[in-house]
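The sequence shown runs 4 to 330 under the UniProt record's numbering.
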Amino acid sequence: FENNVLTDTSVAEQEFNQQFCDDVIAGLKAVPKFLQPKYFYNSTGDEIFQQIMGSNEYYPTDCELEIFTQQTQELAKAMIADGSPFDLIELGAGDAMKSTHLLRHLLNESADFRYVPIDISGHVINYLKETLPVTLPGLQLIGLTGEYFHMLKEAAELSPRRKVVLFLGSNIGNMPVSDAQQFCIELRNHLAKGDSVLMGVDLKKNPKTILAAYNDAEGHTRNFNLNLLTRINSELGANFDLSKFEHYPTYDPETGACKSYLISLADQQVSLCNQTVTFAKDEYIYMEISQKYTVGQTDYMASVSGFKPVQHFFDSKNWFVDAIWTV
Ligand code: AVI
């Protein structure tokens, strides 16, 4: 068995597992304990995230989709700008559901652009390469698999064209504020005069609305969090007992931090990666932040990073903003 594992597992996979193991151990040995949300997204995690997006309570996707379907022309106009050829680069493209509306409109307008989705997952990029040219005939697509800033650099080396970067879905919210600020500074450093960004951000609103979005009645968000323990069990040979952990979502209207935790319901020990991790009853694992901002705070983040916030697109409830930042 051991030999089969060694021969069947690719080097890349082994490296991934080692990193995954190191990250999980580092997080669970830390005080307080935490896990990195990037590990939510295995194939089951992707499926559960789709269920979250389809739930009645999770509004951000619907709000941003409304912006993309109701204000497509205005969005496209902002991107076409002076009419010079451009690369429309999407960070973390996923299924490109929202951007497809924009892409169709740009094609109808005969805009001179190429779509450059960047995603850490090769599956996502292959899927887009196979499906988008069929749904959107005439679309020029260059898919890049890898880490955002490595790929942005590669995109810049590939072509000197003007760049419009899409960072949608309030993915920026999954970073603590100081990391988000740093991310924007680095993004700016990868761009040049004339380039722009379309940043999708979930806004502060009634705290009950926000909390409900991360505590849906059908339990998809709960499953999403617990699935990371299932993943650790199956990929790292751990023995988490899921019935001994409870999903605990919180939202602080003052800071705009929406955080989720898993609470240990008992004194317990879990073994993984040849180590043992001890949990006290009521101890928590910090799982994820989904930071909410005011429009003023997003403008400030843009300015501090060296961008100029020039336009805001809101949904009809003013719950979400897609902001255009120029260099
Ligand atoms: C991907 N991201 C923007 C989602 C969010 O709203 O923070 C992930 C998520 N986690 C729980 N529900 C949704």
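All C-beta atoms in this analysis are idealised placements derived from N, C-alpha and C, irrespective of residue type, glycine included.
Span separating the alpha-carbon of residue i from that of residue j
i, j, result
"Lys-196", "Cys-187", "15 angstroms"
"Phe-323", "Gln-278", "43 angstroms"
"Thr-212", "Gln-74", "24 angstroms"
"Thr-138", "Met-100", "11 angstroms"
"Asp-182", "Gln-22", "21 angstroms"
"Pro-210", "Thr-64", "18 angstroms"
"Asp-85", "Thr-301", "25 angstroms"
"Ala-158", "Lys-166", "9 angstroms"
"Leu-131", "Leu-91", "14 angstroms"
"Val-200", "Leu-245", "41 angstroms"
"Tyr-264", "Asn-230", "13 angstroms"
"Phe-19", "Ser-113", "42 angstroms"
"Glu-238", "Leu-109", "42 angstroms"
"His-104", "Val-34", "45 angstroms"
"Lys-320", "Asn-59", "16 angstroms"
C-beta atoms of residue i and residue j nearer than 9 angstroms
i, j, result
"Asp-122", "Gly-141", "no"
"Ile-266", "Phe-248", "yes"
"Phe-71", "Met-82", "no"
"Asp-318", "Glu-69", "yes"
"Gly-149", "Asn-129", "no"
"Tyr-62", "His-223", "no"
"Ser-308", "Arg-225", "no"
"Pro-256", "Asn-218", "no"
"Cys-261", "Leu-214", "yes"
"Asp-325", "Glu-67", "yes"
"Leu-57", "Gly-172", "One detail in the question is off: residue 57 reads as Gly in this sequence, not Leu. Taking 9 angstroms as the Cβ cut-off, Gly-57 and Gly-172 do not qualify as a contacting pair."
"Lys-36", "Tyr-287", "yes"
Beta-carbon proximity list for residue i, same chain, < 7 angstroms, skipping 5 on both sides
i, result
"Phe-227", "Phe-43, Gly-48, Ile-51, Phe-52 and Ile-55"
"Ile-28", "Cys-276 and Gln-278"
"Glu-5", "Note on Glu-5: pLDDT 46, under 50, position unreliable in the model; the coordinate value appears next. Contacts found: none."
"Arg-107", "Leu-139"
"Pro-40", "Asn-177, Met-290 and Glu-291"
"Asn-174", "Gly-95"
In DSSP terms, what residue i is bridged to
i, result
"Gly-203", "Asp-325"
"Leu-147", "Ile-121"
"Asp-255", "Ala-260"
"Ile-266", "Glu-249 and Tyr-287"
"Phe-317", "Val-324"
"Leu-139", "None, per the DSSP bridge assignment."
Same chain only: Cβ atoms within 8 angstroms of residue i, ignoring 5 sequence neighbours per side
i, result
"Glu-77", "Phe-316"
"Gln-143", "Phe-116, Arg-117 and Tyr-118"
"Phe-310", "Cys-187, Arg-191, Val-200, Trp-328, Thr-329 and Val-330"
Close-in-space but distant-in-sequence residues of the same chain around residue i (CB under 6 angstroms, 5 per side omitted)
i, result
"Asn-45", "Arg-234"
"Val-313", "Ile-327 and Thr-329"
"Gly-176", "Asp-205, Ser-293 and Gln-294"
"Gln-272", "Thr-279 and Thr-281"
"Thr-297", "Lys-207"
"Leu-31", "Val-280"
Chain D within 9 angstroms of residue i, Cβ atoms only
i, result
"Leu-142", "The displayed structure is made up of one protein chain only, and chain D is not part of it."
Cβ separation of residue i and residue j, assumed to be a contact under 8 angstroms, to the nearest whole Å
i, j, result
"Ser-102", "Glu-93", "6 angstroms"
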